[in-house]
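In the working numbering, the protein residues as written are 963 to 1172.
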């Protein structure tokens, strides 16, 4: 239930600012109100829904500042995860990353590509072998997914090879991790995430909502 609503938010089916209520949502999804209520509370905790003082609920609308904060936190977490992954990875870890890239090469929808993208970064985070770092990533994961999906939708309307760009970047990331050079792997993370910062600065006026 919660994953279904989460995916609807991240994919844009439920647009930013959309008002949600338990009864209509339960009827639409053909479930009782209890799991819907629980899902709403979990999604609020994840930063995807906002409850107003009057109890009404709507889909989060991210501002330029929100995007900037998410990017900065992501950069801090992922530069460390890539660095540690270079030191701690196993051959099965690298195999899993390459399998993810092969699936991305075959992806036929932007939603599928976005899911594979976040799963790639999940795998790198697990390779860090740092439980607290992984926990912090879990706290931010839904917002990172929303961040990624939103920007990929915008970019795809301007360039046609978003998938190829992502695949190429992930191949370079795997090479950096495989080198077992933590500084190189960290630099790969910076170079991979850097373009997102440029897009934020050029596509969003200060304080503007998405």
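Backbone N, C-alpha and C fix where the C-beta goes; we use that ideal spot for every residue, glycine too.
- [ ] Return the chain-ordered list of same chain residues with a C-beta closer than 7 Å to the C-beta of residue 1158, the five sequence neighbours on each side being excluded.
- [x] 1033 and 1113
Q.
Below 8 Å on the Cβ atoms is my contact criterion, and I expect residue 1095 with residue 1141 to pass it. Report the Cβ-Cβ distance as a whole number of Å.
A. Contact doesn't hold; Cβ gap of about 21 Å is too wide.
Of the residues 997, 1152, 1126 and 1006, which one's Cα is nearest the Cα of residue 1102? 1006
For this session: With a threshold of 16 other CB atoms inside 10 Å of the CB of residue 992, please say whether the residue is buried or exposed.
Result: exposed
Where does residue 1053 land, buried or exposed, given buried means 16+ other C-beta within 10 angstroms? exposed
Any idea which residues DSSP pairs residue 1012 with across the strands?
1020
Opening and closing residue of the alpha helix (DSSP H) in which residue 1084 lies | 1072-1089
DSSP on residue 1025, reduced to helix/strand/coil?
strand
- prompt: Taking the continuous alpha helix (DSSP H) assigned at residue 978, which residues delimit it?
  reply: Unbroken run through residue 978: none, as it is neither H nor E.
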